[in-house]
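Visitor: Under this note's numbering, the first residue of the sequence shown is numbered 234, with each subsequent residue one higher.
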Amino acid sequence: MSNETNKMTQEKLAKSLTAESIELLPFLPYLLQDIWELGSSPDDMIYLIKKHMILNENTKFLDLACGKGAVSIKIAKEFNVKIKGIDIVPEFINYAHKKATDMGVASLCQFSIGNIYQAITGERDNDCVIYGAVGDVLGTPEDVILKLKDTLKTNGFIIYDDAYLKDAETKNIKFEHDYLTYQQWMSVFDKTGVKLVDRIVSGLDEENVNDENTRLISIRADELSVEYPEKRKLFDSYVQSQINECDDLENSIVGITWLLEVKK
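1) Grouping DSSP H, G and I as helix and E and B as strand, with all else coil, what is L388?
2) Would you mind sorting T490 into buried or exposed? The rule is 16 or more other CB atoms within 10 Å of its CB.
3) Can you tell me where the alpha helix (DSSP H) holding L271 begins and where it ends?
4) Which of the three DSSP states, helix, strand or coil, is assigned to T490?
5) For S273 versus G337, is the C-beta spacing smaller than 8 angstroms?
6) Would you say I321 and V362 are within 8 angstroms of each other, going by their C-beta atoms?
7) Which residue from P259, L264 and G436 puts its Cα closest to that of Q475?
8) Is it true that the CB of G318 sits closer than 8 angstroms to the CB of C342?
9) Which full runs of the alpha helix (DSSP H) of 4+ residues lie inside the region 287-368, going along the chain?
10) Quick one: residues in its chain with C-beta nearer than 8 angstroms to the C-beta of L482, no 5 flanking neighbours on either side, listed in chain order?
11) Restricting to Cα atoms, I'd like to know which of E463, A352 and E324 is closest to L258.
12) Taking the C-alpha atoms as reference points, what is the distance between N313 and A333?
13) Does V304 pass the burial test, meaning 16 or more other C-beta atoms within 10 Å, or should it be called exposed?
14) With distances taken from CA atoms, which of I282, D360, F468 and T447 is nearest K496?
15) Taking the alpha-carbon of T447 as reference, which of I255, I268 and P262 has the nearest alpha-carbon?
16) Cα separation between H285 and I486?
17) Hey, L371 and Y350 are a contact pair by Cβ (cut 8 angstroms); roughly how many whole angstroms apart?
18) Starting from I433, trace the beta strand (DSSP E) in both directions and tell me its first and last residue.
19) Is it right to say P462 is buried, meaning 16 or more other beta carbons lie within 10 angstroms of its own, or is it exposed?
20) Under three-state DSSP, which class holds V377?
21) Please report how far the alpha carbon of S451 lies from the alpha carbon of E256, in whole angstroms.
22) Could you name the residues that DSSP lists as bridge partners for Y263?
23) When the Cα of M278 is compared with those of D400, A339 and I433, which residue comes out closest?
24) Let's see if you can read the secondary structure: which residues bound the alpha helix (DSSP H) around L371?
25) Given P275, which residues of its chain have a CB within under 6 angstroms of its CB, disregarding the five upstream and five downstream residues?
What follows is the structure, encoded as structure tokens:
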């Protein structure tokens, strides 16, 4: 991977964690140290899996940009299945290893440090791939689905956590991101040859979690500003990005977890 491509991927990964600059990447482990579930709801995914998928001891899951492993670990614990998680942040992967051991699923969970843009090319024959609140790291939604399909067996499943615009009006969006409307998502699914099996829309509980997470991040940002006063604007802008995204979720966009089946 070229340096330019790697930088672009890092920028997208940073943005998926609501960071507007890769300059913030080294500080993300500190800012997010109080939060285990980074973005996606493991409970929503577990509900969809339980409702629609038939699992056995050979079932394989892949969790791309897995963060601290909350989704992977909870799925392994709930269903006693093997799951591989990949993330670019070493501190997140180290935490995931420890948490998997603490929860008794270390033998089921394989966590590795890696850039998913690169790593995905070597992943094949999974029963389900999870792309939870990762944004455009792998490209447009159409690009993402086509790349995820390549990691799956015939009739495999994709769990895709993202959001859609309440309407086509985008002028009120505060956090910079190219959101699709619901109908545009339907068109993407049709073009990429996947079947929409089910979906879960984020509710009030998630809004409350987001507000609490923003509060925790604000505390850590203040601590970093004391230690690195010259970077206060950087940390303040990260907190503001969190606030903006929460505001968007409450007013302009709808968080949603799609369960898609690949039609091969």
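Even for Gly, the Cβ is constructed at its ideal location relative to N, Cα and C. In this text the structure is predicted, and so the values were computed from the model without any measurement.
Guide: The short version:
1) Before going on, a small fix: residue 388 reads as Asn here, not Leu. N388: strand per DSSP, three-state reduction.
2) Classification of T490: buried, given that the 10 Å Cβ count is 16 or more.
3) Careful: L271 lies outside any alpha helix (DSSP H) and carries neither H nor E.
4) Per DSSP, reduced to three states, the secondary structure at T490 is strand.
5) In this structure, S273 lies away from G337, with their beta-carbon atoms at least 8 angstroms apart.
6) no
7) L264
8) yes
9) 303-312, 323-335 and 349-352
10) A396, S435, E439, E440, N443 and G488
11) E324
12) 12 angstroms
13) buried
14) For K496, the nearest C-alpha among the options comes from D360.
15) I268
16) 26 angstroms
17) The Cβ separation is near 6 angstroms, so the contact holds.
18) V427 to V434
19) exposed
20) The three-state secondary structure of V377, taken from DSSP, is helix.
21) Taking the CA atoms as reference points, S451 sits about 18 angstroms from E256.
22) According to DSSP, Y263 bridges with nothing at all.
23) I433
24) From DSSP, L371 is part of no alpha helix (DSSP H); its letter is neither H nor E.
25) A303, V304 and K307
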